[in-house]
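Since the structure comes first, as structure tokens, the remarks are kept for the end.
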Amino acid sequence: MVSASKAARMAKRADDKKTKKGSKEEATEDPAAEQPATNDEKMKEVEKLTSQMDKHGLSDRVTTGVLSSIPSSRDVKITSASLVFHGKVLITDSTLELNFGRRYGLLGENGCGKSTLLKSIATREYPIPEHIDIYLLNEGAPPSDYGALEWVVREAQNQLDSMEKRAEEILEHDGPESPILEDLYDRMDKMDPSTFHTRASLILTGLGFNKVTINKKTKDMSGGWRMRVALAKALFVKPSLLLLDDPTAHLDLEACVWLEEYMKKWERTLILVSHSMDFLNGVCTTMLDMRGQKLLYYGGNYDSYHKTRSEQETNQMKAYAKQQEEITHIKKFIASAGTYANLVRQAKSRQKILDKMEADGFIQPVVPDRVFTFRFADVEKLPPPVLSFDDVSFSYSGEWADTLYEHLDLGVDMDSRTALVGPNGVGKSTLLRLMTGKLSPIGGRVSRHTHLKLGVYSQHSAEQLDLTKSSLEFVRDKFPEKSQDYQYWRQQLGRYGLSGESQTAIMGTLSEGQKSRIVFALLAIESPNMILLDEPTNGLDIPTIDSLADAINAYEGGVVVVSHDFRLLDKIAKDIMVCEHKTVRRWDGTIGAYKNHLRKKMLDAGAV
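Using this note's numbering, read the sequence shown as starting at 1 and increasing by one per residue.
Listed below in structure tokens is the structure:
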């Protein structure tokens with residue numbers, strides 16, 4: 001029951017709000033609300049294909065589900081839940097259970113429908129009570145004239161206004177006894193507008209913004225930085241149900257460590273899709289596995305899930321083997337019973353045992369996860385030096401006063417496994433572009449072996465795909481000299497986990513992970529003798545990341561990688577190079593030690 005003092009505070013808030021409304025003009029519309037339509041007809045077609053909701057609110061998703069929990073509860077339980085997308089069954093006859101305060105890690109292979117499920121929840125296609133506010137982070141802040149800090153504060157104020165309006169409606173319709181009001185008042189009290197700027201600044205700083213970029217207009221930011229702004233809003237407004245779809249994809253290692261520490265203390269309900277085992281281990285209290293068209297729950301973090309699932313599957317296979325042995329024995333006895341009366345009676349008795357087993361459902365063998373083992377092609381060995389920086393300095397303006405790097409001396413050879421780490425904005429991707437020759441230094445020299453063939457995978461590699469074609473058509477058209485045989489290209493794509501429908505579907509309808517696999521297939525087909533990887537794990541599921549690590553370790557050429565995935569770096573990196581303070585220095589220690597160094601630095605500074 002809501003206390004009288006809280007009800008009085010609510011009434012005062014309502015009066016203050018009316019006064020504020022009367023004395024203020026209507027807020028101007030966001031200048032970014034109307035963006036000019038693209039002229040690219042192909043992209044229009046792709047947007048149409050990938051659009052989840054049209055102007056009438058219709059969806060390509062079909063969901064069913066029955067709310068079984070108390071409508072006023074902060075816990076949600078939906079039974080008989082199903083999900084169909086573009087005619088493909090993703091979930092059938094499952095239970096979607098979200099208990100308040102739990103942090104769920106949503107698992108499943110690429111293309112199984114994790115992002116589709118999050119969108120279905122966010123748009124309330126399942127019967128989730130209205131008092132549970134939902135925020136899905138799957139796109140960045142809109143381009144606008146507002147700086148990052150100003151935009152987050154405005155969004156927080158809008159959220160507070162919305163909560164006040166909702167509280168007024170509940171008070172009017174259900175009275176002060178409504179159990180929903182208590183939580184709503186508590187959240188409103190904790191928001192405290194007088195601290196908006198301070199708290200928003202702390203979150204944005206943790207996500208990598210500095211004194212300059214925190215006030216940069218969102219319209220002048222890249223998509224990755226606008227995604228950070230949207231993430232800051234999500235963390236600040238603290239919705240009842242927060243849905244994060246790969247939130248670390250646009251973060252550097254330092255920001256990933258900060259976010260992991262921050263999310264460990266998250267007190268409301270969270271569903272997280274992440275392909276970083278480190279992050280899932282640090283944040284999650286429950287794992288939710290989308291497998292075999294079901295939703296399966298495991299208590300604990302990812303390591304606990306892996307251990308429990310392994311034990312369950314071992315026990316299941318033992319039980320399956322024992323039952324199969326028993327079935328074989330029974331069938332043999334029945335077949336050999338002949339016409340002897342006593343044996344016929346026994347055979348009938350045993351047939352009843354067999355019939356009961358069938359009625360109860362035979363124990364099924366474990367269906368293992370599909371593991372895709374791929375390899376990069378064998379390459380020509382080149383003697384060192386293969387790629388070297390001699391006294392290299394660089395600035396985008398061409399002016400020495402604006403240098404990003406000064407006097408770099410480093411080399412990469414055929415046996416190199418080099419990881420570039422450091423905060424965002426220090427120039428890790430710039431260093432890769434200097435290696436390829438897309439950028440030129442203002443001082444010093446970048447030398448490349450005459451037979452060096454570089455392969456590059458970047459965060460934007462999927463942009464090279466024609467999203468209006470199928471992957472099968474695309475690779476066949478891109479490499480006409482290799483083969484025109486569709487069966488040949490089916491085999492090539494199959495090595496990277498693309499099979500059946502995913503080979504013939506328009507690429508614009510595929511998941512980010514599936515698009516990434518196509519890019520890796522292209523990279524392997526081109527047979528480079530050195531590979532530069534810029535955030536290669538974005539969108540990939542955990543088994544595919546493991547397969548990528550194995551492929552890199554088996555590769556005979558040189559590798560330079562920029563990644564926020566600690567586990568991948570731990571598996572492949574021989575040299576860890578820290579990029580900061582306009583130089584590159586070797587880290588003497590493991591990537592795990594580097595992560596602990598970043599965590600300690602944050603905790604000492606009180607940044608979390």
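Just so it is clear, CB atoms sit at the ideal spot from N, CA and C, and this is done for glycine as well.
Spatial distance of residue i from residue j (CA atoms)
i	j	result
L67	M188	27 Å
N529	R448	12 Å
G539	G513	4 Å
A33	K88	Residue placement at A33 cannot be trusted, given a pLDDT of 38 that sits under 50; what the coordinates show is reported in the next sentence. For A33 and K88, the distance between alpha carbons rounds to 34 Å.
A37	A554	A caution first: A37 carries a pLDDT of 41, below 50, which makes its placement in the model too unreliable to give a value.
P247	K381	39 Å
K609	K233	Summary: the structure shown does not reach residue 609, with the chain confined to residues 1 through 608, and so no result is reported for it.
S336	H86	52 Å
I330	V367	26 Å
T286	L280	10 Å
S73	L272	22 Å
L202	V412	38 Å
G361	D355	10 Å
D133	T63	20 Å
S144	K219	5 Å
T92	N110	18 Å
N39	R61	Note that N39 has pLDDT 40, beneath the 50 cutoff, so the model's placement of it is unreliable and no number is given.
L431	P142	29 Å
L603	K264	14 Å
L106	R370	18 Å
V283	T450	48 Å
A605	N210	15 Å
M163	D75	19 Å
L235	Q491	44 Å
S94	T79	6 Å
M53	T123	A caution first: M53 carries a pLDDT of 41, below 50, which makes its placement in the model unreliable, though a value can still be read off. Going by the C-alpha atoms only, they are around 9 Å apart.
D30	Y146	Unreliable positioning characterises D30 in this predicted model, as indicated by a pLDDT of 38, which lies under 50. The coordinate reading is nonetheless provided below. Cα to Cα, D30 sits roughly 9 Å from Y146.
R495	K600	42 Å
P384	I572	21 Å
Q316	V560	42 Å
L58	L117	Residue confidence is low: L58 scores 47 on pLDDT, short of 50, so the model does not pin down where it sits. Its coordinate-derived value is still stated next. L58 and L117: Cα-Cα distance of roughly 16 Å.
Under 9 Å between C-beta atoms of residue i and residue j
i	j	result
L83	S120	yes
G558	L387	yes
I525	K469	no
L253	F566	yes
F394	L404	yes
L569	K515	no
V578	D534	no
K428	G437	no
D278	K482	no
H275	T537	yes
I591	A419	yes
L149	N215	yes
Cut-off 8 Å between Cβ atoms - residues of its own chain near residue i, not counting five sequence neighbours on either side
i	result
G108	K114, D289, M290, R291 and D541
V153	F196, H197 and A200
R268	F100, G101, K238, P239, S240, L241 and L242
Y486	L472 and R476
Q484	R476
G65	I78, T79, S80, A81, S82, L96, Y126 and P127
L498	S471, Q514, R517, I518 and A521
CB-CB length for residue i against residue j, believed under 8 Å
i	j	result
L532	L454	6 Å
D588	R417	Not quite, the Cβ-Cβ distance comes to about 16 Å (not below 8 Å), so this is no contact.
L434	Q293	Between Q293 and L434 the Cβ distance is about 48 Å, and since that is not below 8 Å, they are no contact.
S471	I442	With a Cβ gap of about 41 Å, S471 and I442 do not count as contacting.
R375	A551	5 Å
R244	L270	For clarity, residue 244 is Leu in the given sequence; the question names Arg instead. At roughly 7 Å, the Cβ-Cβ gap stays under 8 Å, so L244 and L270 are in contact.
A347	F333	7 Å
T308	Y297	Incorrect: roughly 10 Å between the Cβ atoms, too far for contact.
F389	V446	6 Å
Interface flag, residue i vs chain B, CB-CB below 9 Å
i	result
M435	Judged by its chain identifiers, the structure shown contains no chain B, having just a single protein chain.
Cβ neighbours of residue i in the same chain (closer than 7 Å, five flanking residues each side left out)
i	result
A319	I363
D378	E556
R350	I330, F333 and I334
W266	R103
V426	C579 and E580
V344	A337
6 Å Cβ shell around residue i - same chain, five flanking residues per side excluded
i	result
E125	T63
E406	S393 and K582
G140	G223, R226, M227 and A230
M221	none
Touch check for the stretch 226-242 and the stretch 541-551: three-plus C-beta pairs under 8 Å? Judged by Cβ distances under 8 Å, the stretch 226-242 makes no contact with the stretch 541-551, as fewer than three pairs qualify.
Contact between the stretch 95-104 and the stretch 153-170: three or more CB pairs below 8 Å? no
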